[in-house]
Structure formats: structure tokens, C-alpha cells
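What follows is a single structure, written as C-alpha cells, with notes after it.
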Amino acid sequence: MGPLTYPERFSNLPEYAFPRLRSLLDVHAPGGEVMHMTIGEPKHAFPAWVSDIIAENVAGFGKYPPNDGSPELQASIASWIKRRYGVDIDPATQVLALNGTREGLFNATLALCPETKNGAQPIVLTPNPFYQVYAVAALTVGAQPHYVAATRETGFLPDYASLPAEILNRVAVAYICSPSNPQGAVASRDYWKDLFALAEKYNFRVFADECYSEIYRNDPPPGAMEVAQEVGFDPDKLMIFHSLSKRSNLPGLRSGFVAGSEPNIAKMKQLRAYAGAPLPLPLQRVAEKVWADEEHVIENRALYAEKFEMADALLGDIPNYMPPEAGFFLWLPVDDGETAALKLWQETGVRVLPGAFLAREVNGENPGAGYLRVALVAPKEETQRGLITLRDCLYR
1 MGPLTYPERF SNLPEYAFPR LRSLLDVHAP GGEVMHMTIG EPKHAFPAWV SDIIAENVAG
61 FGKYPPNDGS PELQASIASW IKRRYGVDID PATQVLALNG TREGLFNATL ALCPETKNGA
121 QPIVLTPNPF YQVYAVAALT VGAQPHYVAA TRETGFLPDY ASLPAEILNR VAVAYICSPS
181 NPQGAVASRD YWKDLFALAE KYNFRVFADE CYSEIYRNDP PPGAMEVAQE VGFDPDKLMI
241 FHSLSKRSNL PGLRSGFVAG SEPNIAKMKQ LRAYAGAPLP LPLQRVAEKV WADEEHVIEN
301 RALYAEKFEM ADALLGDIPN YMPPEAGFFL WLPVDDGETA ALKLWQETGV RVLPGAFLAR
361 EVNGENPGAG YLRVALVAPK EETQRGLITL RDCLYR
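Numbering (full-length UniProt numbering), first residue to last: 1 to 396.
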């Protein structure tokens, strides 16, 4: 049998979460004032000076922007990596500014996944639940996505080491999201060390999606690059991805970055030259300043900390409730996520996302089926009303 065509590769991909949510809920009238707690779109204020920087650099919209990121933006990103993780990188050769990290998470697999691995179709490992771009990137290059459940039993992170050797021998890329979306679990230093040892043994790359790294409750989550440096992990086997969407409440800026070894970044730059869309220059100037400022990040983190504590107080007595370590979602246990989401919508107007919509059924089991994802992005008072309504509808 010949290679699969483009449509055939995607024939078994589940519908994206939010169209599925609309199909589930929108055929029914809401039972009260509509309150959105579904999408992870930050609602806190971004730094007030952002608009001033855009205005000061508005003439830049009349120029083609630097394809790889301006030297100033690359330097600002490299300086942030040094401050946050204690790792020195060359801004000119080891950083690529992204038009949103989704672009990088997708294009990294296009640029770096081989056509075969040990004479067979390559495998791309992804947590389950997962960010859909991981699987779509794998399918686009003709690789096989392999979904590994991230459950309470595994600390809500995938246990890739438990896979059989016949799978691991074909792995070309392993995606890992820490802090994890949707569960808010943080990969420990030991977790990273074990994953790197596995990657060295079976010769695959680790793509570390760390977009929620700056929203945490207590200690800063350890970063993949800092642990890799500590243990001497091959830098050609690691790529890290970060974003200003969550850290700085700027999802509309579409600004992120990927950092890694010089050869890997060179391959991604080559792909970007043909198929990428660089960030407009005025927005690059904004990103340059935002990466350099930590005051607004600290203030933002404090707002989320208040909502974490509020959620614990309101929902902490729910059996198997798990306080998130980081990120801004609750992963709430229910008997069935779709049934619970529909009941909540029809009786109260509160809109949440069934966990099954973020996961894939494997061997008859969907690891998200018994959960709801609830976003804590709205202002504190609105979030409180939503959580009280949710608690009284589903748990009382």
C-alpha cells in the first residue's frame, strides 16, 4: 500500500474541541446569564505601555519585518532565558521568534522529524489529553501520533518510559507540556532527567511546550533547558517553546519563540523563509520590551494566586479535587464530562469544556472523559460567581 494522501491522514482526527462544544451546547438554551469558562484566553490587563510602543513604532508597518526576529528581540529573549533558567544561548543562532507558539510547535516537526526511524514509519509521542497541534503536525509529515495517557496515576504527565521498546525504537519526537494543559501539573527535575535519559537511549527529540511556565502557585517550574544543561543532555535533542499569550496577557500579539541548538534552529529558519509569517515589526518591538519586564508578570501571577485559593476554598471538598500547581485551568472530576457540561449550561448558563474533547480514545478509554476543564481567566468576582454556580449545580 502506498503512502497515505493528505485527506486520508486526517480522516481519523477528532473534531476540534470548540466546534464540538458548540454542537453539544448551542442547540439548547442557556439556563441563565451566559458565563464563559471554556477558552484559555487571558482577561487580565496587559502592560499599559504596550500601546505606546506600538504608536512609537507604527511606521514599521510599512516595512517587511525581519523574518527570524529583530536582533533586539532575539537578544531580549536570550536574556530572559538566562535570567529565568541560567542558560546562555546565542540569540542570533539559537532563537527564532514565532508568530504564536502554535506555529513553532507545528513547524518544528515539519523541519526536524525524519521520514523514517529505524526503517519504519516514525512515531511522535503526545500526552493524552493533548494540544491538537501535536497530532496534526505528526500527521502532516506522515508520522504516527502515539497518545500516552496522562492520568492521576501518572501525576497527570505521560509516562513515556512505560512504552515497549518496539514503540520507543520508532520515536522521532516526544511532545511534553509542562505546566500541563489542562491539568496544571508540573514536570519535576527528576521527570525531565528521566525523559532525557530515555531520549538519549532511543535517540529522539524532546519538544518542550512551556507556555504556562510563568503562572504558578509556589516555586517556579523547572525548565527543560536548565535541567538539560545540568545533566549534559544533547542540545540537538531539545527544543523549548514559550509565549507571551499567558505570561503577559497578550494572546492577540501572537508572539512567542522557540530556542534550541544552532542546527535545529537553522532548519526551522529555512522553513520559515518559505512558509512562515513573521511578526510585524511594531509588534516585535513590543515583544522585545515585554520579555525584558518582570513586574507585570509578578502582578499577573498574584491575581491568579488569589483565584487558585478561592477555587480551593469553594471546591476543595469535592472528592478527588486536585489543586493545580500551575497554569490557569481547573481539571474537575465528574462522572461524565459531556453530561455535566450540558447540565451546567442548560440549568445555569455557565459554559465549560468536557475533558473528553481534549483527548483521544485509545483502547476504548478516553482519559479526559471524567473531567471538566474550567478556565480561571476572568476577573476574580466573575470567576467566583461561576465557580459557586458550578459547585451548586454539579456537586451539591
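Cβ atoms here follow ideal geometry from the backbone N, Cα and C, with glycine treated the same way.
Taken through DSSP and simplified to helix, strand or coil, A174 comes out as strand. Relative to the Cα of P145, the nearest Cα in the group L390, R272, V171 and A161 belongs to V171. One Cα belongs to L139, the other to A150, and the distance between them is close to 21 Å.
Looking from the CA of L157, the closest CA among S70, V148 and M225 belongs to V148.
When the beta-carbon positions are compared, R205 and A326 stay at least 8 Å from each other. P333 is bridged by DSSP to Y371. Beta-carbon to beta-carbon, Q94 and E262 are separated by about 6 Å, close enough to satisfy the 8 Å threshold. Within 10 angstroms of the beta-carbon of Y131 lie 16 or more other beta-carbons, which makes it buried. Straight across, the Cα-Cα distance linking Y175 with F328 is about 20 Å. Look at S243 here: in three-state DSSP terms it is strand. Between P127 and the set L390, E33, P367 and T389, the nearest pair of CA atoms involves P367. Inter-residue distance for G60 and D317 is about 54 Å (C-alpha atoms, whole angstroms). Here the alpha carbons of C211 and V374 stand approximately 18 Å from one another. Around the CB of Q284, 16 or more other CB atoms lie within 10 Å, so the residue is classed as buried. Between the alpha carbons of V377 and P65 lies a gap of roughly 32 Å.
In the same chain as L303, and ignoring 5 residues on each side of it, the C-beta atoms closer than 8 Å to its own belong to H44 and K380, in chain order.
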